[in-house]
Amino acid sequence: MKIIDAHMHYFNIEGFDELAKLADHENSRKGWQDICEANGIVFSVAMGNSDDAPCRFGGVAPRLINLGGEPFCETPYNQPDNVGYCLGVDSEAITPENAEKTAQEFEYYLQRDPHCVGIKFYMGYQNVYLYDARHEPLFELAKAYDVPVAMHSGETANHHGRLRYAHPLTVDEAASEHPDVRFVICHVGNPWIPDAIEVASKNENAFIDFSGLWEHRLTPKREQEIAAFRQYVRMWLEYHELWDKIMYGSDWPLVNIPDNIRNLGKIVPEEHWNEFYYENALRVYSRIQKLGQ
Ligand SMILES: [Zn+2]
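Here the numbering used here is used: the first residue of the sequence shown is 5, the next is one more, and so on.
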């Protein structure tokens with residue numbers, strides 16, 4: 005089975021090396037390539053990993069969240085062909101005055117780099133709504149370059165942000181206003197799962213990735229504990245028959261990849277695996293097709 009991982013991280017910010025060990029992985033370029041080979045992952049999308057763009061082309065946009073770093077981003081640039089990335093938006097730094105300029109700076113990467121496959125927003129980490137007017141020029145950019153807008157949705161890993169910004173219903177506002185832009189609700193909006201599924205069901209241009217629903221290596225006991233959760237998510241998917249809107253994602257290095265593939269395979273019925281693990285991501289992150297996948 006061919007897999008596209010529509011949401012992973014490809015950097016070594018503080019703590020990620022340790023988290024990778026808890027998931028039985030090594031947080032490194034080689035670690036990721038070995039995992040891809042062993043698990044049939046043919047392409048992956050690194051979220052907010054924009055340091056690779058400056059490596060390749062010089063210059064960093066100031067309102068671009070810069071999450072790259074050694075050993076993933078090397079000079080001269082040599083990121084593997086099977087890893088694309090979304091530009092990360094530092095929403096709190098965007099003002100009415102610099103909003104247009106921000107989009108121009110982001111365009112620099114979209115124009116030059118076919119591996120730049122989307123734009124990532126960090127609601128819940130950043131205290132700004134997705135539908136805030138300051139994001140308008142970036143939505144226009146996404147439309148012009150036919151790339152999706154992905155939004156962190158649901159619980160957060162730190163205490164800085166406010167959860168109300170991360171609610172999946174906020175994606176309904178933006179998706180309704182911008183029918184020509186594809187929106188991705190990351191993490192199924194966990195724990196607002198029926199809400200996320202409803203937004204994707206209602207809006208033709210809204211999609212969901214299933215990254216980061218658990219972390220670390222799962223013990224048999226833990227797999228047992230999440231059985232009811234898996235069943236709950238499956239129930240809502242089956243109710244809405246939402247098979248063309250859902251994408252496999254991991255949040256690597258936070259999760260163990262074989263565990264993750266196996267457990268998400270219990271949420272999605274086998275007859276929809278090809279859509280879930282591969283085809284839907286090709287449509288949403290459409291630039292991946294041009295990269296030969
Ligand atoms: Zn993530």
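All residues carry an ideal CB built from backbone N, CA and C; glycine is no exception. If you're wondering where the values come from, they're calculated on a predicted model, not measured in any experiment.
Task: Cβ neighbour criterion (16 or more within 10 Å) applied to Leu-167 - done: It counts as exposed.
TODO: Within 10 angstroms of the Cβ of Arg-138, are there 16 or more other Cβ atoms? Answer buried if so, exposed if not.
DONE: Label assigned to Arg-138: buried.
Open item on the list: Quick check on the DSSP output: the alpha helix (DSSP H) that includes Met-155 runs from which residue to which?
Closed with: No alpha helix (DSSP H) holds Met-155; the beta strand (DSSP E) holding it covers 153–155.
TODO: Return helix, strand or coil for Met-127, following the three-state DSSP convention.
DONE: DSSP, reduced to helix, strand and coil, places Met-127 within a strand of the structure shown.
Task: Sequence-distant residues of the same chain with beta carbon closer than 6 Å to Ser-180, five excluded per side - done: If we look at Ser-180 and ignore the five residues flanking it on each side, it has no Cβ neighbours.
Open item on the list: Could you pull the DSSP bridge partners for Val-237 from this structure?
Closed with: Residue pairing of Val-237 in beta bridges, as defined by DSSP: absent, with no partner found.
- [ ] On a CA-only basis, which of Asp-85, Leu-268, Asp-94, Tyr-133 is nearest Ile-123? Give me that one, please.
- [x] Looking at the Cα atoms, Asp-94 is the closest of the given residues.
TODO: Quick one: using the 10 Å Cβ neighbour count with 16 as the cut-off for buried, is Met-251 buried or exposed?
DONE: By the neighbour-count rule (16 or more Cβ atoms within 10 Å), Met-251 is buried.
- [ ] Give every residue of the same chain whose Cβ lies closer than 6 Å to the Cβ of Gln-130, excluding the five residues on either side of it in the sequence, and list them in chain order.
- [x] So the list reads Ser-95, Glu-96, once near-sequence residues are dropped.
Open item on the list: Tell me which residues share the same chain as Ala-170 and place their Cβ nearer than 7 Å to its Cβ, disregarding the 5 neighbours each side in the sequence.
Closed with: Taken in chain order, the residues that qualify are Met-127, Gly-128, His-156, Ser-157, Gly-158, Thr-160.
- [ ] Could you tell me which residues DSSP pairs with Met-251 in its beta bridges?
- [x] DSSP output for Met-251 lists Asp-213 as bridge partner(s).
- [ ] With a cut-off of 6 Å, give the chain-ordered residues whose Cβ is closer than this to any heavy atom of ligand 1.
- [x] Listed by chain position, these are His-11, His-13, Met-51, Ser-215, Gly-216, Asp-255.
- [ ] Whole angstroms is fine: what's the gap from Lys-105's alpha carbon to Ile-98's?
- [x] Each residue's alpha carbon lies about 9 Å from the other.
Task: Supposed contact pair Leu-134 and Phe-110 - C-beta distance, whole angstroms, cut 8 Å - done: That belief does not hold up - the Cβ atoms of Phe-110 and Leu-134 are roughly 16 Å apart, past 8 Å.
- [ ] Whole angstroms is fine: what's the gap from Lys-25's alpha carbon to Leu-173's?
- [x] Computed Cα separation, rounded: 35 Å.
TODO: Run the CB neighbour count on Gly-63, radius 10 Å, all protein chains shown included, and call it buried at 16 or more, exposed below.
DONE: With a pLDDT of only 49 at Gly-63, under the threshold of 50, the placement of this residue in the model should not be trusted, and no figure is reported.
TODO: Using three-state DSSP, classify Val-272 as helix, strand or coil.
DONE: Here Val-272 carries a coil assignment [DSSP, helix/strand/coil].
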